[in-house]
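Structure record follows, encoded as structure tokens.
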Amino acid sequence: MVKAGSAGKYIGNSNSKKFHYPDCQWAQKISPSNRVEFNTREEAVNAGYQPCKVCRP
1 MVKAGSAGKY IGNSNSKKFH YPDCQWAQKI SPSNRVEFNT REEAVNAGYQ PCKVCRP
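Sequential numbering from 1 applies to the sequence shown in full-length UniProt numbering.
Structure follows, in structure tokens:
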């Protein structure tokens with residue numbers, strides 16, 4: 001995961017367990033308290049997150 005304040009390549013929602021590209025419309029709606037940032041797609045998948053069906057990261 002990426003430390004707060006730095007931009008990750010993927011944005012996850014800790015509530016839904018979905019991850020997105022940062023410019024996805026759904027990523028932009030994630031509450032800061034539910035936002036998780038990942039450097040790689042593999043990192044998100046290994047953390048149990050599923051790819052968004054809209055932006056398909």
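Glycine is no exception: its CB is placed at the ideal position from the N, C-alpha and C atoms.
In the DSSP annotation of this structure, Asn-39 is not part of any beta strand (DSSP E), being labelled neither H nor E. By the neighbour-count definition (other C-beta atoms within 10 Å, threshold 16), Lys-17 is an exposed residue.
Shown here for Tyr-21: same chain residues with a beta carbon closer than 6 Å to its own, the five before and five after excluded, namely Cys-55 and Pro-57 in chain order. Counted as a single uninterrupted DSSP element, the beta strand (DSSP E) harbouring Gly-12 occupies residues 10–13.
The three-state secondary structure of Gln-25, taken from DSSP, is coil.
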